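Chains as they are written, first to last, in this note's numbering: chain P, 1 to 158; chain U, 159 to 342.
Here the structure is laid out as structure tokens; the discussion comes afterwards.
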């Protein structure tokens, strides 16, 4: 397997600097004429350089200012996401605490609530008993409201 | 709730460029003018899709600006940019074809519109279009951009030791395709 040739580096430099073939030495030109590896190198490089020049002409890049602006916008988004990450985590934690508090409250007072719901408030005495549940209902309402606010703040991306 | 009122640094970044940006606006504009076209040429000829190259060039520059690596000099910056572009192209092929760029059949990524646009392409371009994207990538970087094996390895993410062999195979395959094309 033949990877290279002793003249390859010299030839590459000539090709890259634009000296090939006019400004190249007669020895190198003679060598390239009889070396398949160097002939291949010249053919590939000349062709691909030509293809590159044609592609450069075809290229119509966007204005640099537009790319700059988009990069700034993306960077701001990243900064914002990084900065709000602990806040979002705290809000999620708050939602969990509120939900847990509601669950504990409901579990503790489940029997009283069911009892009052089943018993028809036919007398004034039973209506007065209902006042006993007022703090619990107020606490549940407050927790639900706080939970809703916490959910809103967690999901609000703006 | 508007968090930008709570976090002053976020609001401040709106008015002035972020402090971590490696390049200033003017410096970037100059770099962009010199690098956008070569990057487009590389991506368009390697992928065979000029529209895709447009998108990838934009994305490459945006990622270049947002990543802010500590690079020394324009040559290193351009190499890094080509690396981003190569990674994006590889990701594109992975997502859209569900095979790696190495295994991609040439006909799926061949660029028919690249051929026969000028006399210089009549013999070599059909051969180039029949090659695998990875081989086109290597040949372009080595011959059109004149990158060394080490630089090609850095751009493509391939081991430096394998570049020499892969380029040898790509050149040999191209020579075969040219010979086959010439016999027809």
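The beta-carbon is built from N, C-alpha and C at its ideal position, and this holds for glycine as well.
Just so we're clear, the structure is a prediction, and the values are computed from it rather than from any experiment.
Quiz item: In chain order, what residues of the same chain have a beta carbon less than 6 Å from the beta carbon of residue 223 (chain U), not counting five sequence neighbours either side?
Solution: none
Quiz item: Using the C-alpha atoms, what's the distance from residue 67 (chain P) back to residue 35 (chain P)?
Solution: 47 Å
Quiz item: Who are the near neighbours of residue 246 (chain U) in its chain, counting only those whose CB is closer than 7 Å to its CB and skipping five residues on each side?
Solution: 214, 217, 218
Quiz prompt | Three or more C-beta pairs below 8 Å linking the stretch 94-109 of chain P and the stretch 140-152 of chain P | solution = yes
Exercise. Name the residue from P:47, P:8, P:4 whose alpha carbon lies nearest to the alpha carbon of residue 336 (chain U).
Key: P:47
Quiz prompt | Run of the alpha helix (DSSP H) containing residue 183 (chain U), from where it starts to where it stops | solution = Here the alpha helix (DSSP H) through residue 183 (chain U) covers 183-205.
Self-check item: Contacting positions in the stretch 180-194 of chain U - beta carbon closer than 8 Å to chain P
Solution: 183, 186, 187, 190, 191, 194
Practice problem: Please confirm whether residue 83 (chain P) and residue 150 (chain P) have their CB atoms less than 8 Å apart. | Solution: no
Quiz item: residue 17 (chain P) by DSSP, collapsed to three states: which one?
Solution: Three-state DSSP puts residue 17 (chain P) in a helix.
Quiz prompt | Buried versus exposed, by CB contacts within 10 Å (16 or more), residue 77 (chain P) | solution = exposed
Self-check item: Cβ neighbour criterion (16 or more within 10 Å) applied to residue 98 (chain P)
Solution: buried
Practice problem: Look at the alpha carbon of residue 243 (chain U) and the alpha carbon of residue 314 (chain U), and state the distance between them as a whole number of angstroms. | Solution: In a straight line, the C-alpha of residue 243 (chain U) is about 9 Å away from that of residue 314 (chain U).
Self-check item: Beta-carbon proximity check, residue 29 (chain P) vs residue 5 (chain P), cutoff 8 Å
Solution: no
Quiz item: If you check the beta carbons only, do residue 303 (chain U) and residue 238 (chain U) fall under 8 Å apart?
Solution: no
Quiz prompt | Test: residue 275 (chain U) CB closer than 8 Å to a CB of chain P | solution = Any answer about residue 275 (chain U) is weak, because its pLDDT of 41 lies below 50 and its placement is not dependable; what the coordinates show is given next. Residue 275 (chain U) counts as touching chain P.
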